[in-house]
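Those protein sequences? They're chains L and B, same order as listed. In terms of our numbering, the first sequence opens at residue 1 and continues consecutively. In terms of our numbering, the second sequence opens at residue 1001 and continues consecutively. Yeah, the Cβ is synthetic: ideal placement off N, Cα and C, and Gly gets one too. Since we're looking at a predicted model, the values are computed, not measured. Single-structure report; data block below.
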Amino acid sequence: MMQAITGFFNVVALVLRVALAGVFGYAASIKLGLGPWSADGGPQAFLFNIKGFEINQAYPGLLPDHLLVPLAFIIPWLELLCAIFLLLGMWTRASALVLAGLLITFIGAIYSVLSRGMEIECGCFGKFGLFCTPGKITECNLIQNAALLTAVLVVWLLGPGFFGVERALGRRGCACGRRGACDCGAKRIEPKPASPTA
Amino acid sequence: MIARAPAQALAIVGLGVGVAFVHWAQEPTVRLSAFGSDAPAPPPPDTLPPEPRTPAAPETSEPEQAPPVDPQRDASAAPATQGDLASPPTTGGPYIGTDAAVALWGDAIFVDAREPREYVEGHIAGAVMIPASSRDRAVRLADYGLDTPVVIYCGGGECDASELIAITLQNLGFTDIRVYKDGYPAWVAGGHPVETGEDTLLGPE
Chain L
1 MMQAITGFFN
11 VVALVLRVAL
21 AGVFGYAASI
31 KLGLGPWSAD
41 GGPQAFLFNI
51 KGFEINQAYP
61 GLLPDHLLVP
71 LAFIIPWLEL
81 LCAIFLLLGM
91 WTRASALVLA
101 GLLITFIGAI
111 YSVLSRGMEI
121 ECGCFGKFGL
131 FCTPGKITEC
141 NLIQNAALLT
151 AVLVVWLLGP
161 GFFGVERALG
171 RRGCACGRRG
181 ACDCGAKRIE
191 PKPASPTA
Chain B
1001 MIARAPAQAL
1011 AIVGLGVGVA
1021 FVHWAQEPTV
1031 RLSAFGSDAP
1041 APPPPDTLPP
1051 EPRTPAAPET
1061 SEPEQAPPVD
1071 PQRDASAAPA
1081 TQGDLASPPT
1091 TGGPYIGTDA
1101 AVALWGDAIF
1111 VDAREPREYV
1121 EGHIAGAVMI
1131 PASSRDRAVR
1141 LADYGLDTPV
1151 VIYCGGGECD
1161 ASELIAITLQ
1171 NLGFTDIRVY
1181 KDGYPAWVAG
1191 GHPVETGEDT
1201 LLGPE
């Protein structure tokens, strides 16, 4: 029974991390102008997107203008690196932490924009959007990012699950129940006989 | 495993920042504003008198009307027009209002930076279409000469597309670029010439 639960968690972790890798890899490719689908993207366009949030005008000193240009490169590269690590199943929990930090920042920025009643382009996922209509920022973007944050936190809790590099190396990152079996590649840990059974 | 995550997360952030700076060094033209911080700020909302200026040509929405910009004439007469354009009639600097845009209409190439669908529905008469999603079209504009005066507009308000196209044109080498900040809504409100349909100068998207 515990093995079934562990297997289930491993599958959930695998599906979530691959899906998140796709979402953030796609978002990063648009912001970096990579791929034929990102003709309206690129760092310059993303720079104007984050400039449009007018964070420093609302909260003086929080985000000086001279930091916006490097940020237009740093944010998408962090997204892309995390997407690659998630896809590989390597440093999964660390990638989830970085993405959680990014998403909390995005949620704060979007909430700030909505509370100021601004109508600006999101710049989140280009012209295709994700679950929300692409274009102007709405409450939908807030909910979307909250859902992504939930998924990221679940990956942080579960680790890479099946088919991760960490797992193939027989090391860390197995999705174990607190007292359940952990199938960590070469190092298989059986549940203790005293563990509760169904 | 969880305990190691923060250290690995810091490593990812460090790696991301490093790669980002290398990328930034490869694209030094990425900047906050098309005209730098010393450029005059965009003018306040247009203060046109209630009676709009009479445009150089009668208002029309018929596509067959000759576009106000003749490529041949522009390419050859660019030096002659430079003198006039060096001091725009009403507003100095790269950001111009509706009256300055009207004065430039006919001499400068107007560039519509909005999306193709919006362009087809209606644009300033004679304007070419270079949307943010097809910035490579700007290369075709270079055929008219890099010193050709260019006026870029978009949907007004918070629209940043004009700045984006301005930077694209600057990177191509265009020297005489102005941004009509109030954009298409103010032009229409002033009753100035508009037309509908595809881009006949640069071709469809």
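Considering only their Cβ atoms, is the gap separating residue j from residue i smaller than 8 Å?
i: I55 of chain L; j: G123 of chain L; result: no
i: A45 of chain L; j: L1032 of chain B; result: no
i: C82 of chain L; j: L99 of chain L; result: yes
i: I104 of chain L; j: I137 of chain L; result: no
i: L16 of chain L; j: V165 of chain L; result: no
i: A948 of chain B; j: L1104 of chain B; result: Absent from the model: residue 948 of chain B. The displayed extent of chain B is 1001 to 1205, so no value can be given.
i: I120 of chain L; j: N145 of chain L; result: no
i: V1102 of chain B; j: H1192 of chain B; result: yes
i: V1151 of chain B; j: A1108 of chain B; result: yes
i: P199 of chain L; j: F73 of chain L; result: The question about residue 199 of chain L has no answer, for chain L in this structure spans 1 to 198.
For residue i, which residues in the same chain have their Cβ closer than 8 Å to its Cβ, ignoring the five residues on either side in sequence?
i: P1094 of chain B; result: A1034, F1035, A1039, P1040, A1166, I1177, R1178 and V1179
i: A58 of chain L; result: S112 and R116
i: C140 of chain L; result: F131, C132 and T133
i: G1203 of chain B; result: R1140
i: V218 of chain L; result: Absent from the structure is residue 218 of chain L, since the part of chain L shown begins at 1 and ends at 198.
Compare the C-beta of residue i with all C-beta atoms of chain L and state if any pair is closer than 8 Å.
i: E1027 of chain B; result: yes
i: S1162 of chain B; result: no
i: Q1008 of chain B; result: yes
i: R1114 of chain B; result: no
i: L1032 of chain B; result: yes
i: G1016 of chain B; result: yes
i: F1174 of chain B; result: no
i: T1200 of chain B; result: no
i: W1187 of chain B; result: no
i: P1043 of chain B; result: Model confidence at P1043 of chain B stands at a pLDDT of 46, short of 50, so the residue's coordinates are unreliable; what they give is reported in the following sentence. No, its Cβ sits nowhere closer than 8 Å to a Cβ of chain L.
i: D1182 of chain B; result: no
i: V1019 of chain B; result: yes
i: A1132 of chain B; result: yes
i: I1167 of chain B; result: yes
Kindly say whether residue i, judged by its beta-carbon, lies nearer than 8 Å to any beta-carbon of chain B.
i: P134 of chain L; result: no
i: N10 of chain L; result: no
i: S229 of chain L; result: Outside the displayed range of chain L (1 to 198) lies residue 229 of chain L, so it cannot be described from this structure.
i: S112 of chain L; result: no
i: G52 of chain L; result: yes
i: C140 of chain L; result: no
i: C124 of chain L; result: no
i: L81 of chain L; result: yes
i: A13 of chain L; result: no
i: L47 of chain L; result: yes
i: F73 of chain L; result: yes
i: R93 of chain L; result: yes
Which stretch, first to last residue, makes up the alpha helix (DSSP H) that contains residue i?
i: V1030 of chain B; result: Looking at the DSSP string, V1030 of chain B is not in any alpha helix (DSSP H), and its letter there is neither H nor E.
i: I1152 of chain B; result: Per DSSP, I1152 of chain B belongs to no alpha helix (DSSP H); it is in the beta strand (DSSP E), V1150 to Y1153.
i: D1136 of chain B; result: D1136 of chain B -> no alpha helix (DSSP H), and no H or E assigned at all.
i: H1192 of chain B; result: Element bounds for H1192 of chain B: n/a, residue is neither H nor E.
i: F1174 of chain B; result: Run containing F1174 of chain B: none; DSSP gives neither H nor E here.
i: I120 of chain L; result: Run containing I120 of chain L: none; DSSP gives neither H nor E here.
i: A1142 of chain B; result: Here A1142 of chain B belongs to no alpha helix (DSSP H), and DSSP marks it neither H nor E.
i: C140 of chain L; result: E139 to L158
i: G163 of chain L; result: One point to set straight first is that residue 163 of chain L is Phe, not Gly, in the sequence displayed. Taken as a continuous stretch (DSSP letters only), F163 of chain L belongs to no alpha helix (DSSP H), as it is neither H nor E.
i: P1116 of chain B; result: P1116 to E1121
i: T133 of chain L; result: T133 of chain L -> no alpha helix (DSSP H), and no H or E assigned at all.
i: I77 of chain L; result: Sequence inspection shows Trp at residue 77 of chain L; the Ile mentioned does not correspond to that position. First-last of the alpha helix (DSSP H) with W77 of chain L: D65 to L88.
i: Y26 of chain L; result: M2 to L32
i: S38 of chain L; result: Counting along the chain, S38 of chain L falls outside any alpha helix (DSSP H), and DSSP gives it neither H nor E.
i: D1099 of chain B; result: T1098 to L1104
i: G52 of chain L; result: P43 to G52
i: F128 of chain L; result: From DSSP, F128 of chain L is part of no alpha helix (DSSP H); its letter is neither H nor E.
i: F1021 of chain B; result: A1005 to Q1026
i: T105 of chain L; result: T92 to S115
Can you tell me where the beta strand (DSSP E) holding residue i begins and where it ends?
i: Y1180 of chain B; result: I1177 to Y1180
i: F1110 of chain B; result: I1109 to D1112
Less than 7 Å between C-beta atoms, sequence neighbours within five positions excluded: which residues of the same chain meet that for residue i?
i: S38 of chain L; result: S29, I30 and G126
i: G71 of chain L; result: Rather than Gly, the amino acid found at residue 71 of chain L in this sequence is Leu. For L71 of chain L, where only same-chain residues beyond five positions count, the Cβ hits under 7 Å are I50.
i: N1171 of chain B; result: T1029
i: K69 of chain L; result: Per the sequence shown, residue 69 of chain L should be read as Val rather than Lys. Correct list, in chain order: L47.
i: G1122 of chain B; result: V1194 and T1196
i: S95 of chain L; result: C82, F85 and L86
i: A1011 of chain B; result: none
i: V152 of chain L; result: L20, A96, L99, A100 and L103
Under 6 Å Cβ to Cβ from residue i, same chain only, skipping five residues before and after it: list those, please.
i: A1127 of chain B; result: F1110 and D1112
i: L32 of chain L; result: P76
i: C1154 of chain B; result: A1113, R1114, A1161, S1162 and G1183
i: L80 of chain L; result: A28
i: A1020 of chain B; result: none
Determine the chain A residues that contact residue i at a beta-carbon separation under 8 Å, and present them in chain order.
i: V1013 of chain B; result: In the structure shown, chain A does not exist; the protein chains are L and B.
Is residue i near the ligand MG, judged by its Cβ being under 7 Å from some heavy atom?
i: G33 of chain L; result: No copy of the ligand MG appears in this structure; indeed no ligand is present at all.
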